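S.K.: Going by UniProt numbering, the sequence shown opens with residue 1, and the numbers climb by one from there.
Even for Gly, the Cβ is constructed at its ideal location relative to N, Cα and C.
Note that this is a predicted model, so its numbers are computed, not measured.
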Amino acid sequence: MARIVKSALIQMSLALTEGEGSIAEIKEAMFQKHLPMIHAAGEQGVQILCFQEIFNTPYFCPGQDPKWYESAEAADGETVQRLTELAKKYQMVIIVPIYEKEQAGVLYNTAVVIDADGTILGKYRKNHIPQTGGFWEKYYFKPGNLGYPVFQTRYAKVGVYICYDRHFPEGARALGLNGAEIVYNPSATTVGQSQNLWKIEQPAHAVANGYFMGCINRVGIEQPWNLGKFYGTSYFVNPLGQIIAEASEDKDELLIAEMDLDLIDQIRAKWQFYRDRRPDSYRDLDN
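(1) For a quick check, are the C-beta atoms of Leu9 and Cys50 less than 7 Å apart?
(2) Taking only the alpha-carbon atoms, compute the straight-line gap between Gln52 and Gln11 and give it to the nearest angstrom.
(3) Can you check which of these residues, Glu102, Lys101, Thr132 and Pro149, is closest to Gly122 by C-alpha distance?
(4) Quick one: residues in its chain with C-beta nearer than 6 Å to the C-beta of Asp260, no 5 flanking neighbours on either side, listed in chain order?
(5) Can you check whether the CB of Thr84 is closer than 7 Å to the CB of Ile54?
(6) Is the beta carbon of Leu14 sitting closer than 7 Å to the one on Glu222?
(7) Name the two residues that bound the continuous beta strand (DSSP E) containing Gly214.
(8) In the DSSP assignment, what are the bridge partners of Leu49?
(9) Counting only the same chain and skipping the five closest in sequence on each side, list residues whose C-beta sits under 6 Å from that of Gly118.
(10) Going by DSSP, name the residue or residues bridged to Pro186.
(11) Under the rule that 16 or more other beta-carbon atoms within 10 Å means buried, what is Tyr140, buried or exposed?
(12) Considering only C-alpha positions, which residue in the set Ser187, Thr189 and Ala116 is nearest to Tyr155?
(13) Per the DSSP calculation, Ala156 is bridged to which residue(s)?
(14) Using only alpha-carbon positions, find the residue among Lys6, Leu35, Gly147 and Tyr59 that is nearest to Pro224.
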């Protein structure tokens with residue numbers, strides 16, 4: 001019997017931005033804006049749902065303003081706890097990218113993985129932190145320190161790779177070696193930065209590692225930072241590098257796709273990249 005997993009991605013423009021409310025109000029407005037799509041996903045039988053990078057705030061990293069530290073919260077804090085209830089209600093795995101506060105002054109760009117029974121399985125912390133071209137993330141985030149975990153959810157083995165991570169093939173390979181069947185890449189990326197790479201790198205990771213990927217981007221222009229247009233086009237890609245579902249460039253959207261995980265075995269039986277790897281010859285990569 002085929003292992004079919006129904007998954008969804010949410011790409012979203014801001015509900016409120018800086019100057020339109022307190023940080024708490026901005027976060028709550030974004031949470032509320034997601035709720036109809038979360039319910040729609042659950043009602044349509046979605047089994048795994050993923051949001052965009054730091055989903056409940058603006059992408060504030062074009063500035064360097066310490067007030068945004070206030071938006072960070074514990075990985076098992078209020079936002080995640082509210083979503084555990086929705087995960088249980090719909091028997092749906094939910095991947096929740098948040099600004100994580102481990103303790104005072106120790107802040108990460110994190111994705112929390114909630115299983116279909118509401119159990120918090122763990123978290124991935126973004127490992128590669130950019131400091132270039134208006135993406136001043138080192139001001140806000142410590143580099144991840146949890147490696148490349150893979151989470152055995154009810155429906156599939158799931159990994160997470162966040163935004164700038166996707167430019168680094170090493171972590172994408174580690175996720176495959178750790179058993180990932182689907183890797184989600186929640187992102188915030190604009191036309192002037194990486195649009196030419198958006199549909200190259202992640203299909204390449206999917207092919208090189210023989211897994212599916214769900215790739216999420218924001219939409220719209222976020223004031224007052226004016227970094228550029230977040231161009232949406234969230235998509236799912238299969239282990240052949242084929243995009244099997246794609247969202248629009250400029251609309252809030254719930255993108256749903258079905259993935260046949262048996263395809264992973266079929267592809268890896270043909271392309272024996274894991275068998276033919278030569279880690280003994282890669283010692284230069286240790287530096």
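M.R.: Taking the structure as given:
(1) yes
(2) 6 Å
(3) Pro149
(4) Ala2 and Ile4
(5) no
(6) yes
(7) Phe212 to Ile216
(8) Ala8 and Ile94
(9) Thr84, Ala87 and Lys88
(10) Ile216
(11) buried
(12) Ala116
(13) Note: Ala156 sits in no beta bridge, so no partner.
(14) Tyr59
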